[in-house]
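Novice: Going left to right, the sequence shown walks through residues -31 to -1, 1 to 107 as mature numbering (1 follows the signal peptide of the UniProt record, and there is no 0) numbers them. Note that CB positions come from ideal geometry on N, CA and C, so glycine has one too.
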Amino acid sequence: MRLLHNGFPFPFPFPFLVALLITGCVSAAEAKRSTYIIHMDKSHMPKAFTAPHHWYSSAVDSIKTVSPATSDGGRQSPPRVLYTYDSAAHGFSAVLSEDEMETVKKLPGFLSAYGDRQVTVDTTHTFEFLSLNPATGL
C-alpha cells in the first residue's frame, strides 16, 4: 500500500471533508424546528399584558437567540407564535427548536406541551365512514 502525505494512507483533504460532513449533520439536527402546542396557566399572566396573545408573543420573543446558520450558510427563521388558544384551553402553538422548547418549559405559567401532529379526519361526514362512493354517492 502506498502512503501519501506524511505517512497517511489517504489523500490529505479526506479528514477535512469528513469533519465538514459531521458538522453539517450536527447543525441540521440542532436547527430542526417543529410545531408545538403549549398550555399555559392564564393566572400567571403579568398585569403589564392586556391580552394573553401579547404575553405569549413576548415569551417567545424573549427566548429568541442568535439564529444558528443553516447548512447552506443562510439564517434559520426565528421562533414564532402561530395561534393563541383562549377559550376552552389557554396557550399557544409555536414553531420552536428543541432547545427553545426546553426554555419555554421554564417560563412562569407553563403547564404542558406536546408536538403537533397531523391526524386523519374520521367523522360521520367522511366518505369512508358513511361508505359512500365519491362518484355515485351510494
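For Asp30, does the three-state DSSP call read helix, strand or coil?
Specialist: Helix.
Novice: Answer yes or no: do Ala63 and Pro77 have a C-beta to C-beta separation smaller than 7 Å?
Specialist: Contact flag unset, no.
Novice: Would you tell me roughly how many angstroms separate the C-alpha atoms of Asp10 and Ser26, rounded to the nearest one?
Specialist: One C-alpha to the other measures close to 15 Å.
Novice: So, using beta-carbon positions, are Ala104 and Ile7 closer together than 7 Å?
Specialist: Cβ atoms of Ala104 and Ile7: not closer than 7 Å.
Novice: Compute the beta-carbon to beta-carbon distance between Gly84 and Ser12, rounded to the nearest angstrom, for a pair I have assumed lies under 8 Å.
Specialist: Not really, about 26 Å apart at Cβ, beyond 8 Å.
Novice: Could you check which residue in Lys1, Ala57, Ser46 and Leu65 has the C-alpha nearest to that of Ala28?
Specialist: Checked all of Lys1, Ala57, Ser46 and Leu65; the closest Cα to Ala28 is Leu65.
Novice: Quick check on this structure: which residue in Leu101, Val90 and Ser56 has the alpha carbon closest to the alpha carbon of His22?
Specialist: Of the listed residues, the one whose Cα sits closest to His22 is Ser56.
Novice: Give the single residue among Glu67, Val50 and Tyr54 whose Cα lies nearest to the Cα of Asp30.
Specialist: Nearest of Glu67, Val50 and Tyr54 to Asp30, Cα basis: Val50.
Novice: Please name the residue, chosen from Lys16, Ile32, Ala58 and Pro15, that lies closest to Leu80 on a Cα-to-Cα basis.
Specialist: It is Ala58 whose Cα lies nearest to the Cα of Leu80.
Novice: Let's test the definition: count the other Cβ atoms within 10 Å of the Cβ of Val73 and tell me whether it reaches 16, buried, or not, exposed.
Specialist: Answer is buried; the Cβ neighbour count reaches 16.
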